[in-house]
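Chemist: Heads up: the sequence lines are chains A and B, in that order. Quick note: the first sequence uses the numbering used here, first residue 1, plus one each step. Quick note: the second sequence uses the numbering used here, first residue 1001, plus one each step. One structure, as structure tokens, below. Some questions next.
2 protein chains.
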Amino acid sequence: MKFGKNSKIEIIAVGSELLTPYYQDTNSLYITQRLNEVGMEINFKTIVGDTQDDLTVCFNTSLERSDIIFVIGGLGPTEDDCTREVLASTLGKKLVFKEEILEKIKERFERRGFEMPSVNNKQAHIIEGSTILENKHGTAPGLWIPKGEKVFILLPGPPHEMKPMFENSVWPRFQAARSHFVARRVFKTTGLTESKIETLLSDIYPLPPSVKLTTLAYPGQIELHLIAHSQKSAKKADDMLLKLEQDLQECLGENIFSSSGDELEEVTGRLLRRAKQTLAVAESCTGGLLGHRITNVPGSSEYFCQGVQAYSNESKLQLLGVPADLIHKCGAVSREVARSMAIGIRERSGADIGLSITGIAGPTGGSPEKPVGLVYVGLCWEGGDNVLKNIFLGNRELIKSQSAQKALDMLRRHLLKYKKERQKDHPS
Amino acid sequence: MKFGKNSKIEIIAVGSELLTPYYQDTNSLYITQRLNEVGMEINFKTIVGDTQDDLTVCFNTSLERSDIIFVIGGLGPTEDDCTREVLASTLGKKLVFKEEILEKIKERFERRGFEMPSVNNKQAHIIEGSTILENKHGTAPGLWIPKGEKVFILLPGPPHEMKPMFENSVWPRFQAARSHFVARRVFKTTGLTESKIETLLSDIYPLPPSVKLTTLAYPGQIELHLIAHSQKSAKKADDMLLKLEQDLQECLGENIFSSSGDELEEVTGRLLRRAKQTLAVAESCTGGLLGHRITNVPGSSEYFCQGVQAYSNESKLQLLGVPADLIHKCGAVSREVARSMAIGIRERSGADIGLSITGIAGPTGGSPEKPVGLVYVGLCWEGGDNVLKNIFLGNRELIKSQSAQKALDMLRRHLLKYKKERQKDHPS
């Protein structure tokens, strides 16, 4: 096999569910991103069901038009899964039983206290002449199947099985074949709209021809993806981005929270750890989402001590000491109650910082004065507190997610300020 | 052209951006849904860039394997858009200039106060022998291009242009050709592995030829998608599923939590509401995810009163009254502490039911006796309590999501039992 910039690459996603209106292939996006990093681009993507005839047609087509063919999915134990069988017969190769694979599958079941059902037997068969790609997160092994100068790479469909298998067994081979260098940066921002960013960045255009900038907008988060290409060296590609990075940083400042791919909760967590500050949260309309995001970060127990989901009015009294007459006078969704919740959780938990959210996630519960999407985020620290009022658009899910995002960002900006002040007081 | 159940249908999405890691074709989902309604299924989806060679290969392949071929995108005025030109040359047909199309494009620009740029000229060329599909929301017309017994249907890429064109000019032809009716059901299950389900369902195979069953596995959730076809009537298709539905219900029983598309938190919420029971939760390793899922359901404030994210050991004492010596003796991740957390949150909140989760989400914190993935789920109600021990596989995110899923399911099964007992005590 010779891999290169001119190899034609095809990704075939197999699964009848991918031909319904309900599911999309996402595995190919992941593989595309990784191959792009070594300067390889995808030529074709094909989606086909678990149907012998259609699969046969697709495999034959890919053999004619492509050099490197990823085939993802249809390796499961059930009757409809037939990728392995159809590919073997298309290539005119036999399926061979491998005792060592069966042992691993059996072990996997035993570790969970189950006996392996007999249907899983078929997953222990591989296509002759292929290399086994170990599956550490599922039962179906992958296969690397050379065919003349071409190669088929068979991977399991579940992303949590596919990705580690790709990283461990497939990626190193592509990395070794690299003929092309790519530098990439992702700047994640929050607090600005897409058009505001466009305006702030107007001076950086036109970009050099070997650099590409793509803007991706999510609710509460806008990402700037920069890619530079060089045929000479990684350093060359990287250098092209350096100047542009500085320009971006100057234009967007603290609105950029990450240039390394980190999520907002990871960035905020790191700031908390460095400041040796602990955090407790009080959530109303987000119902636990804020705590969930904070605790998605491994090691978050170092700075996150506790939270409460104070959903009912009574629980705001009981868990946070929010005065009943304050709720009565101002309403549960108000600047005053948000502040009282942040103060309450901080005092009761003994944490350094208290962070609170109260709002109307909808679809009901809104009024002309307090519409659906009205959300107050409160922050309380030693010697101060602050509350931000927000109006978020979208459905319940979007309002919850933008609220949690805003709370994390409010905390992040507070910690940045705190850091600067400390540096002023104690210059090193 | 003869359309029918056996027509092979292919959707080709054209656009180099669809071969990057950032964009997905969504037009095909829309077309799939509409065609499914008249009993037609998609056989192949192809994604290809705006590249002459690759486009030619795709069009030739589709002519060989498919009867009805949708080609979407690449009809714009810019240089990279070449779908129209490449398809004409693949089919050996000429491009013909149409004065009336040019007039419409010019008018469109004039209405907005602009003069038509000369690049738009090329959009006034159609493939000879084709029917024009009017574009009321953009400049590029669509084309209906017969080729022997087959047909190519050319549509613009922007969804707000594609959808109305499909509805006005394409859908009526398919509706008229309807030879066919479809019924559909989705059964969602939890508590069983994919292979266990396969084993339990072995008696229902072989299925009638006009019925198709697809299994989709997610961590902690397995879905069975059933589709039945009839050439006679919608009722006939529905009747075919009735018997199968009963069989599935018999084989899988309470492991099926929904046959209407509802999520587990919606089903559980409904059971709580009907039983007039309120709920409070105590989360350790899930950090708020359980409360987040419960409060994703509109109106959940009716039965969900509060929760605590008792992440640190101290907070388990402070917020839930878990005895310090119990944590010391058994460890924070133990059957005893899970029980004490469920009892604690129930008592302190005054809710009818307390639900707790404590476990090791990883990646660190595991030991040979208590590995990463060990999770206890506790439930406490009037007159009883219960704790389930689980070992979940996967990364931190997967362990958290399976834990929340398990807790919701434990609550669901409890409420089902409670419902049955009440029905026994108070037969209606």
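Idealized CB from N, CA, C, for every residue including glycine. Because the structure is a prediction, the values reported are computed rather than measured.
Per DSSP, what kind of secondary structure is Leu379 of chain A in: helix, strand or coil?
Modeler: In the three-state reduction of the DSSP assignment, Leu379 of chain A falls in the strand class.
Chemist: What is the DSSP secondary structure of Gln1277 of chain B, counted as helix, strand or coil?
Modeler: coil
Chemist: Would you mind telling me which residues of chain A sit closer than 9 angstroms to Val1048 of chain B, beta carbon to beta carbon, in chain order?
Modeler: Asn43, Phe44, Lys45
Chemist: Over the uninterrupted beta strand (DSSP E) stretch that includes Gly307 of chain A, give me the two end residues.
Modeler: 304-310 is the span of the beta strand (DSSP E), which, as asked, contains Gly307 of chain A.
Chemist: Counting only runs of 3+ residues fully inside the stretch 1137-1175 of chain B, write out the beta strand (DSSP E) ranges in chain order.
Modeler: 1142-1147, 1150-1155
Chemist: Which residues of chain D have a Cβ atom closer than 8 angstroms to the Cβ of Arg396 of chain A, listed in chain order?
Modeler: You won't find chain D in this structure, because its protein chains are A and B.
Chemist: Say whether chain A places a C-beta atom closer than 8 angstroms to the C-beta of Val1086 of chain B.
Modeler: Chain A contact via Cβ: absent.
Chemist: Could you spell out the range, first to last residue, of the alpha helix (DSSP H) harbouring Asp1238 of chain B?
Modeler: 1234-1252
Chemist: If the cut is a Cβ gap below 7 angstroms, which residues of chain A does Pro1208 of chain B touch?
Modeler: Those within 7 angstroms of Pro1208 of chain B in chain A number zero; the least Cβ separation is about 15 angstroms.
Chemist: Check each residue of the stretch 296-326 of chain A: if its Cβ is closer than 8 angstroms to any Cβ of chain B, include it; give the result in chain order.
Modeler: Asn296, Pro298, Gly299, Ser300, Ser301, Phe304, Cys305, Gln306, Gly307, Val308, Gln309, Ala310, Tyr311, Ser312, Glu314, Ser315, Gln318, Leu319
Chemist: In chain B, which residues lie with their C-beta within 7 angstroms of the C-beta of Leu290 of chain A?
Modeler: Gly1288
Chemist: Could you pull out every residue in the same chain whose Cβ sits closer than 8 angstroms to the Cβ of Asp1203 of chain B, ignoring the five residues on either side in sequence?
Modeler: Asp1247, Cys1251
Chemist: For Asn1036 of chain B, would you say it is in contact with chain A, using Cβ-to-Cβ distances shorter than 8 angstroms as the test?
Modeler: Yes, contact with chain A.
Chemist: Are the beta-carbon atoms of Ala1404 of chain B and Thr1286 of chain B separated by less than 8 angstroms?
Modeler: yes
Chemist: Under 8 angstroms, Cβ to Cβ, is there at least one residue of chain B near Gln175 of chain A?
Modeler: no
Chemist: If the cut is a Cβ gap below 7 angstroms, which residues of chain A does Asp1054 of chain B touch?
Modeler: Asn43, Phe44
Chemist: In three-state terms, what does DSSP make of Asn1006 of chain B?
Modeler: Asn1006 of chain B carries a coil assignment under DSSP once its states are collapsed to helix, strand and coil.
Chemist: On the three-state DSSP scale, how would you describe Leu1319 of chain B?
Modeler: helix
Chemist: Should the stretch 20-35 of chain A be called in touch with the stretch 112-119 of chain A, which here means at least 3 C-beta pairs below 8 angstroms?
Modeler: no
Chemist: For the structure I just gave you, are there three or more beta carbon pairs, one from the stretch 312-325 of chain A and one from the stretch 365-375 of chain A, closer than 8 angstroms?
Modeler: no
Chemist: Confirm, please, whether the CB-CB distance from Ile345 of chain A to Leu320 of chain A is below 8 angstroms.
Modeler: Taking 8 angstroms as the cut-off, the beta carbon of Leu320 of chain A is found closer than this to the beta carbon of Ile345 of chain A.
Chemist: Are the Cβ atoms of Val170 of chain A and Glu223 of chain A separated by less than 8 angstroms?
Modeler: Between Val170 of chain A and Glu223 of chain A, the gap from beta carbon to beta carbon reaches 8 angstroms or more.
Chemist: Give me the residue from B:Ile1145, B:Arg1111, B:Gly1394 with the minimum Cα distance to Leu1095 of chain B.
Modeler: The residue among B:Ile1145, B:Arg1111, B:Gly1394 with its C-alpha nearest the C-alpha of Leu1095 of chain B is B:Ile1145.
Chemist: Determine the contact status of Asp385 of chain A and Leu393 of chain A, defining contact as a CB-CB distance below 8 angstroms.
Modeler: Leu393 of chain A sits away from Asp385 of chain A, with the two beta carbons spaced by 8 angstroms or more.
Chemist: So, does the CB of Ala1342 of chain B fall closer than 8 angstroms to a CB anywhere in chain A?
Modeler: no
Chemist: For Thr1139 of chain B, tell me which candidate among B:Glu1397, B:Gly1148, B:Asn1255, B:Leu1102 has the shortest Cα-Cα distance.
Modeler: B:Leu1102
Chemist: Run through the DSSP bridge pairs and tell me what Ile31 of chain A is partnered with.
Modeler: For Ile31 of chain A, which the question treats as bridged, DSSP gives no partner whatsoever.
Chemist: Identify whether Glu1194 of chain B lies in helix, strand or coil by the three-state DSSP scheme.
Modeler: helix
Chemist: Which residues of the stretch 1212-1242 of chain B have a Cβ closer than 8 angstroms to any Cβ of chain A? Give them in chain order.
Modeler: Lys1212, Leu1213, Thr1214, Thr1215, Leu1216, Ala1217, Pro1219, His1225
Chemist: Using the Cα positions of Ile1360 of chain B and Leu1289 of chain B, report the straight-line distance between them to the nearest angstrom.
Modeler: Roughly 15 angstroms between the two C-alpha positions.
Chemist: Using a C-beta cutoff of 8 angstroms, does Leu19 of chain A count as contacting chain B?
Modeler: yes
Chemist: Would you mind giving the Cβ-Cβ distance between Ile9 of chain A and Ile47 of chain A, rounded to the nearest angstrom? I have them listed as a contact below 8 angstroms.
Modeler: The pair is not a contact, with the Cβ atoms about 16 angstroms apart (cut-off 8 angstroms).
Chemist: Quick check on Val297 of chain A: does DSSP put it in helix, strand or coil?
Modeler: Val297 of chain A carries a coil assignment under DSSP once its states are collapsed to helix, strand and coil.
Chemist: Could you please tell me which residues of the stretch 129-158 of chain A, in chain order, have their CB closer than 8 angstroms to any CB of chain B?
Modeler: Residues His137, Pro158.
Chemist: Given the structure, does Phe166 of chain A come close to the ligand MN, in the sense that its CB is under 7 angstroms from one of the ligand's heavy atoms?
Modeler: Looking for the ligand MN in the displayed structure turns up nothing, as the structure carries no ligands at all.
Chemist: In chain order, what residues of the same chain lie with their CB nearer than 6 angstroms to the CB of Asp1080 of chain B, ignoring the 5 residues before and after it?
Modeler: Asp1050
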